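A.B. asks: Numbering (UniProt numbering), first residue to last: 1 to 382.
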């Protein structure tokens, strides 16, 4: 990375770093907010994104049981955000792992996805007692990176060495992007904290886009920065009161448009193209709001359909078991007994009833350790 790559509109400074046997350049972003000029197209998409998010939020608030039914959307986010970083596990892999963690050898990919989900849930709970801050960033990183391939990356600690982004095997001077050196991190993150926790007249969705860019530009950890940055988007929507409950997740759009996602972030650093990045971000809000609402409708309709199939069944246990499937549509009889707080025999009867009604099906014909899956739900949330 060399200074000549940055235009005069770049929102930061390119700093020369001189060591005992090396010299390189790093980018230090200016504090937020930048000066923005909204064109008509951007204003239009801002209005459309606000409308779509408001409709989805209202739909969530007005839907009985939505807190349970949006659980599959949590997992969609965990899978998509992890896939951006190169994991290959899908949502079905995650569900099977969660249903039986101990008996199946676990690929690193699945654990990374599982950790993302844990970090998201941890963050939402932590917001009840802790503001969004560097401390929370580090706690999220600790949950995210513990016990996975990036475990060597000092989970929960800001980096003490220089990192960079580029082709495998490239040097610092060959890198596509070099974020701030370690000695700049505290100042950069402190300024970001102030922006997040200060009142602003900027449109909230624009602020979201700015914060995500800034975190990625700072790149404060050795590894896992992209995932923590996308977690931050999810948490800020709750923290700033943009949605009454979580449910809108953007990683699916970012993953489907991965190259543009990276390109738009890069164009801010090198060219100061804020509008291009914000426009892309608003399109993600718009599309994912509409997709989320449609997916939630499908999930609600499926639940009603399942309940209708069970009407001739006198026992209440199969009905109770149905709701647990929205937490995880892969189940074993011991797990059903635990969820329902009943004996193994009673749980087996409930599982059998759901199999007879086509809600569940056995995943294989093994005699022991049988697993059952609600395939209709899996197909909706894939």
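C-beta atoms are modelled at their ideal positions from N, C-alpha and C, and glycine is treated no differently.
Just so it is clear, the structure is predicted and the values come from calculations on it, not from any experiment.
Is residue 25 helix, strand or coil when you go by DSSP?
C.D. replies: Note: residue 25 maps to strand in three-state DSSP.
A.B. asks: State the start and end residues of the unbroken beta strand (DSSP E) segment that holds residue 12.
C.D. replies: Looking at the DSSP string, the run of the beta strand (DSSP E) that includes residue 12 is 12-18.
A.B. asks: Taking DSSP as the reference, what is the three-state secondary structure of residue 38?
C.D. replies: The answer is coil: DSSP assigns residue 38 none of H, G, I, E or B.
A.B. asks: On the DSSP letters alone, give me the boundaries of the alpha helix (DSSP H) that residue 270 sits inside.
C.D. replies: It spans 258-271 - the alpha helix (DSSP H) in which residue 270 sits, taken as one unbroken run.
A.B. asks: Going straight from the alpha carbon of residue 363 to that of residue 78, what length do you get?
C.D. replies: Straight-line Cα distance between these residues: approximately 24 Å.
A.B. asks: Name the two residues that bound the continuous alpha helix (DSSP H) containing residue 160.
C.D. replies: Unbroken run through residue 160: none, as it is neither H nor E.
A.B. asks: Quick check on the DSSP output: the alpha helix (DSSP H) that includes residue 6 runs from which residue to which?
C.D. replies: Where residue 6 is concerned, there is no enclosing alpha helix (DSSP H), given that its DSSP letter is neither H nor E.
A.B. asks: Rounding to the nearest angstrom, what Cα-Cα distance links residue 310 and residue 99 in this structure?
C.D. replies: For residue 310 and residue 99, the distance between alpha carbons rounds to 24 Å.
A.B. asks: What residue does the alpha helix (DSSP H) around residue 355 start on, and which one ends it?
C.D. replies: It spans 344-356 - the alpha helix (DSSP H) in which residue 355 sits, taken as one unbroken run.
A.B. asks: Three or more C-beta pairs closer than 8 Å, one from the segment 276-288 and one from the segment 257-266: is that the case here?
C.D. replies: The segment 276-288 is in contact with the segment 257-266.
A.B. asks: Let me check understanding here. Comparing Cα to Cα, which of 377, 133 and 252 lies closest to residue 291?
C.D. replies: Here the closest residue by C-alpha is 252.
A.B. asks: Might you give, ordered along the chain, the residues of its own chain that have their beta carbon closer than 8 Å to the beta carbon of residue 332, omitting 5 neighbours on each side?
C.D. replies: So the qualifying residues of the chain are 99, 100, 369, 370, 371 and 372.
A.B. asks: Run the CB neighbour count on residue 44, radius 10 Å, all protein chains shown included, and call it buried at 16 or more, exposed below.
C.D. replies: Result: exposed.
A.B. asks: In three-state DSSP terms, what is residue 362?
C.D. replies: Three-state result, residue 362: strand.
A.B. asks: Could you tell me which whole alpha helix (DSSP H) segments of length 4 or greater appear in the segment 29-79?
C.D. replies: As far as the segment 29-79 is concerned, its whole alpha helix (DSSP H) runs of at least 4 residues are 40-61 and 66-69.
A.B. asks: DSSP three-state call for residue 373: helix, strand or coil?
C.D. replies: It is a strand residue.
A.B. asks: Could you tell me which residues DSSP pairs with residue 165 in its beta bridges?
C.D. replies: The partner list for residue 165 (beta bridge, DSSP) reads 177.
A.B. asks: Flag this pair as touching only if the segment 199-208 and the segment 33-52 have three or more C-beta atom pairs under 8 Å; answer yes or no.
C.D. replies: Touching, yes, given that three or more Cβ pairs across the two stretches are closer than 8 Å.
A.B. asks: Below 8 Å on the Cβ atoms is my contact criterion, and I expect residue 53 with residue 198 to pass it. Report the Cβ-Cβ distance as a whole number of Å.
C.D. replies: Rounded, the Cβ-Cβ distance is 22 Å, inconsistent with contact.
A.B. asks: Does the structure place the segment 240-247 close enough to the segment 306-323 that three or more beta carbon pairs sit under 8 Å?
C.D. replies: The segment 306-323, when compared against the segment 240-247, does not touch it at the 8 Å Cβ threshold.
A.B. asks: For residue 273, collect the residues of the same chain with a Cβ closer than 6 Å to its Cβ; drop the 5 residues on either side in sequence, then sort them by chain order.
C.D. replies: Closer than 6 Å at the Cβ level, and outside the excluded window around residue 273, lie 267.
A.B. asks: With distance defined between alpha-carbon atoms, name the residue in 29, 46, 17 and 6 nearest to residue 285.
C.D. replies: Ranking the options by Cα distance to residue 285, first place goes to 46.
A.B. asks: Can you list, in chain order, the residues of its chain with a C-beta nearer than 7 Å to that of residue 155? Leave out the 5 residues immediately preceding and following it.
C.D. replies: Around residue 155: 141, 142, 145 and 146.
A.B. asks: Thinking residue 270 and residue 7 are a contact (beta carbons under 8 Å), I'd like their distance in whole angstroms, please.
C.D. replies: Contact flag correct, Cβ pair sits at about 7 Å.
A.B. asks: Do residue 217 and residue 29 count as a contact pair if the criterion is CB distance below 8 Å?
C.D. replies: In contact: residue 29 and residue 217 (Cβ atoms closer than 8 Å).
A.B. asks: Quick one: using the 10 Å Cβ neighbour count with 16 as the cut-off for buried, is residue 112 buried or exposed?
C.D. replies: Residue 112 should be labelled buried.
A.B. asks: Work out the CA separation of residue 327 and residue 90 for me, nearest whole Å.
C.D. replies: Each residue's alpha carbon lies about 16 Å from the other.
A.B. asks: Closest by CA to residue 182, which one among 69, 219 and 124?
C.D. replies: Of 69, 219 and 124, the residue nearest in Cα terms is 219.
A.B. asks: Helix or strand or just coil, what does DSSP make of residue 313?
C.D. replies: If DSSP states are grouped into helix, strand and coil, residue 313 belongs with coil.
A.B. asks: Compute the Euclidean distance between the alpha carbons of residue 109 and residue 297, then round it to the nearest angstrom.
C.D. replies: Whole-angstrom Cα-Cα distance: 30 Å.
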